[in-house]
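In terms of the numbering used here, the sequence shown opens at residue 440 and continues consecutively. Ideal Cβ positions, reconstructed from N, Cα and C, are used throughout, including at glycine. Report on the structure given below.
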Amino acid sequence: MDDPGPYELAGRLAVAAAVTIAPTLCFLGLLRGLERLRDDDLIAEWARRHGAKRDVRTEDEVLTALAGEMGVDTEGGSSVRCPVCGTANRPGVTFCRGCQNRLGSS
440 MDDPGPYELA GRLAVAAAVT IAPTLCFLGL LRGLERLRDD DLIAEWARRH GAKRDVRTED
500 EVLTALAGEM GVDTEGGSSV RCPVCGTANR PGVTFCRGCQ NRLGSS
């Protein structure tokens, strides 16, 4: 087998670098895009138009607003509040989703 020339070797290294780096860059771009969608002002605008009295941006608050609009009672639901940050967490979870503090004995 012939030894590749310097230009062919550089071309192969460039292709290898592109194949290695491109998926990582695509993943990071997707991740940043999803973060922007999560924190989008569209949610706050929707809540304002539907009568929310405060900024609604977390998943639980958005679901509560939707449930209230459909007439579903959300006050009877059970949740575990974090003693450190006060974030509502689902029952049975071990760590707070807001501050990662350990929640009681679950």
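Query raised in the report: Which term fits valine 449, buried or exposed, when burial requires 16 or more other beta carbons within 10 angstroms of its beta carbon?
Result: It should be noted that the sequence gives alanine, not valine, for residue 449. By the neighbour-count rule (16 or more Cβ atoms within 10 Å), alanine 449 is not buried but exposed.
Query raised in the report: Is DSSP giving arginine 451 helix, strand or coil here?
Result: helix
Query - Straight-line Cα distance separating serine 518 from cysteine 524 - result: 14 Å
Query raised in the report: Which class does valine 532 belong to by DSSP, given the choice of helix, strand or coil?
Result: coil
Query raised in the report: By the 10 Å Cβ neighbour count, where 16 or more other Cβ atoms means buried, how is cysteine 521 classified, buried or exposed?
Result: buried
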